[in-house]
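Residue numbers (my numbering), protein chains in the order written: chain P, 102 to 393; chain C, 2 to 192.
Here is the structure we will look at.
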């Protein structure tokens, strides 16, 4: 086994079992804010206990270990095909160890071969940069929250949403309303304004690589992020949709250019069990430092 | 916290109301998309699986075999229940199910079946796979493992102190319906 494969197995283990600190802090804050003695508070207490147990036992935070999404920043000249093969081997090994559930099903036959490797799984997004280091980030996104994602085409007459930021606000908040607790709230939204149907969703998911505490450098997007977060938390949907004060833990919005004819707003919902981790690798594939 | 033990009696189920926190002990059978579709299409349950006065758990656990060849559940939170809405009501009535555990709640057909046959919907904490796996004391058996794969198989689990909240009771009340209406009205005020 190569150092790179070891590193990727460790990345998968950490991502699956150990919630990033920024997300944990946001959950603790929401636990503090929730009204005492409510079922919302009970749910958040169980969530907090679950975070500690998963970490201590090195076992999945959630049994749905999700779609396996690698984001790799690599130097010019790196062999991407070799990296992909190693990543697939790491996924097979991590599945055998129980860091990942046998979670990938042939869509035609319904067969689950138990390896998590097949067409589209794992998904790898490579991006070249002019630096000798390899940065690899991993997001594991469960199916419950993936199912409540939504894509809107503006104008949307029913929601009275036009092709402007107010229209974007209306459809994003509609996505929160429709999701209720079904995506395992309190959740985190990744949004893309623009793009086409495929890139819109792809960019919306890339927003999950940002930390919850960061602020959008674009003024109007920062304002929209803060506004959606505040408004969503006034709706009373609460953890698990039980009612309560915390419906969302964060909102991250990016933009991509669109065609004159299209105006998509793509909303990806991430559950509280936000599994995101990343590492900088050294020349031999070992882990130099963790990114989150 | 109200203690529930399987087999559930009609009386104990009818006494539950929306918002009650319960702690479940006894036997639960997992069943999700493939099992529900199969049963709804007229498929038969293995003879060892008796759902009468029992509990169906919408869950696809992570299960490993330990060094002695014993199954061990290492992650076992609920999966989204609404996908079973086309099937659940009929299955509750046909098999005499007394409680369904899942997450996210279910719709009007299931709510009507709960009222008609004396059944409740119990909401587990979604994503709390480790806390809930700790409540699984033993895997008693597994059915349809080859046919449906591990997450979709019927796992017969012995649980102790499994926490959940009644979000749909046997009297036509649904917390999900209430929260949806209230949040919809709150949003309308903020647009």
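Every residue gets a Cβ at the ideal spot worked out from N, C-alpha and C, and that includes glycine.
Please read all numbers here as calculations on a predicted model, not as lab measurements.
{"Query": "Where the beta strand (DSSP E) through residue 174 of chain P begins and ends", "Result": "168-176"}
{"Query": "Residue 16 of chain C: first and last residue of the uninterrupted beta strand (DSSP E) it sits in", "Result": "Taken as a continuous stretch (DSSP letters only), residue 16 of chain C belongs to no beta strand (DSSP E), as it is neither H nor E."}
{"Query": "Residue 376 of chain P - DSSP class collapsed to helix/strand/coil", "Result": "strand"}
{"Query": "Contact set between residue 191 of chain C and chain P, taken where Cβ atoms lie within less than 9 Å", "Result": "274, 332, 335 and 336"}
{"Query": "Chain P within 9 Å of residue 83 of chain C, Cβ atoms only", "Result": "yes"}
{"Query": "For residue 365 of chain P, the residue or residues it bridges with in DSSP", "Result": "P:254"}
{"Query": "Where residue 217 of chain P falls, given that 16 or more other Cβ within 10 Å makes a residue buried", "Result": "buried"}
{"Query": "Range of the contiguous alpha helix (DSSP H) that encloses residue 81 of chain P", "Result": "Lying outside 102 to 393, the shown extent of chain P, residue 81 of chain P is not represented and no answer is given."}
{"Query": "Range of the contiguous alpha helix (DSSP H) that encloses residue 113 of chain P", "Result": "104-118"}
{"Query": "Within-9 Å CB hit, residue 143 of chain P to chain C", "Result": "yes"}
{"Query": "The segment 125-135 of chain P touching the segment 166-175 of chain P, judged by at least three CB pairs closer than 8 Å", "Result": "no"}
{"Query": "9 Å Cβ cutoff met for residue 1 of chain C and residue 176 of chain C", "Result": "Outside the displayed span of chain C (2 to 192) sits residue 1 of chain C, for which this structure offers no information."}
{"Query": "Proximity test, Cβ basis, 9 Å: residue 206 of chain P and chain C", "Result": "yes"}
{"Query": "Opposing strand residues paired with residue 316 of chain P [DSSP bridges]", "Result": "DSSP lists no partner for residue 316 of chain P."}
{"Query": "Secondary structure of residue 370 of chain P, DSSP reduced to three states", "Result": "strand"}
{"Query": "Extent of the continuous alpha helix (DSSP H) run through residue 422 of chain P", "Result": "Nothing about residue 422 of chain P can be read from this structure; chain P reaches only from 102 to 393."}
{"Query": "Alpha-carbon to alpha-carbon, residue 74 of chain C and residue 66 of chain C", "Result": "9 Å"}
{"Query": "Runs of beta strand (DSSP E) wholly within the segment 45-103 of chain C (minimum 3 residues, chain order)", "Result": "56-58, 63-66, 72-76 and 100-103"}
{"Query": "From P:326, P:145, P:276 and P:133, residue whose alpha carbon lies closest to that of residue 254 of chain P", "Result": "P:276"}
{"Query": "Any C-beta of chain A under 9 Å from that of residue 161 of chain P", "Result": "In summary, chain A is missing from the structure at hand, where the protein chains are P and C."}
{"Query": "Residue 106 of chain C and residue 88 of chain C closer than 9 Å at C-beta", "Result": "no"}
{"Query": "According to DSSP, residues forming a beta bridge with residue 224 of chain P", "Result": "P:170"}
{"Query": "Proximal chain P residues relative to residue 100 of chain C, where beta-carbon distance stays under 8 Å", "Result": "Result: empty, since nearest Cβ-Cβ is about 17 Å, beyond 8 Å."}
{"Query": "Endpoints, the beta strand (DSSP E) within which residue 188 of chain C is located", "Result": "Premise fails: residue 188 of chain C lies in the alpha helix (DSSP H), 176-189, not in any beta strand (DSSP E)."}
{"Query": "Pair within 9 Å by beta-carbon distance, residue 118 of chain C and residue 98 of chain C", "Result": "yes"}
{"Query": "Distance between residue 70 of chain C and residue 348 of chain P (C-alpha atoms, nearest Å)", "Result": "43 Å"}
{"Query": "DSSP state of residue 392 of chain P mapped onto helix, strand, coil", "Result": "coil"}
{"Query": "Reference residue 84 of chain C, options P:269, P:237, P:245 and P:194, closest by Cα", "Result": "P:245"}
{"Query": "Proximal residues of chain P, C-beta to C-beta of residue 63 of chain C below 7 Å", "Result": "161, 164, 199 and 202"}
{"Query": "Neighbour-count burial assignment, residue 322 of chain P, 16 or more Cβ in a 10 Å radius", "Result": "buried"}
{"Query": "Positions along the segment 112-134 of chain C whose CB lies within less than 7 Å of some CB in chain P", "Result": "124, 126, 127, 128, 129, 130, 131 and 132"}
{"Query": "Contacting residues, own chain, Cβ-Cβ under 7 Å from residue 166 of chain P (five flanking each side not counted)", "Result": "117, 201, 202, 204 and 241"}
{"Query": "Contact belief for residue 41 of chain C with residue 91 of chain C at Cβ below 8 Å, rounded distance in angstroms", "Result": "6 Å"}
{"Query": "Extent of the continuous beta strand (DSSP E) to which residue 31 of chain C belongs", "Result": "22-31"}
{"Query": "Beta-carbon spacing of residue 290 of chain P, residue 352 of chain P below 9 Å", "Result": "yes"}
{"Query": "Where residue 236 of chain P falls: helix, strand or coil (DSSP)", "Result": "strand"}
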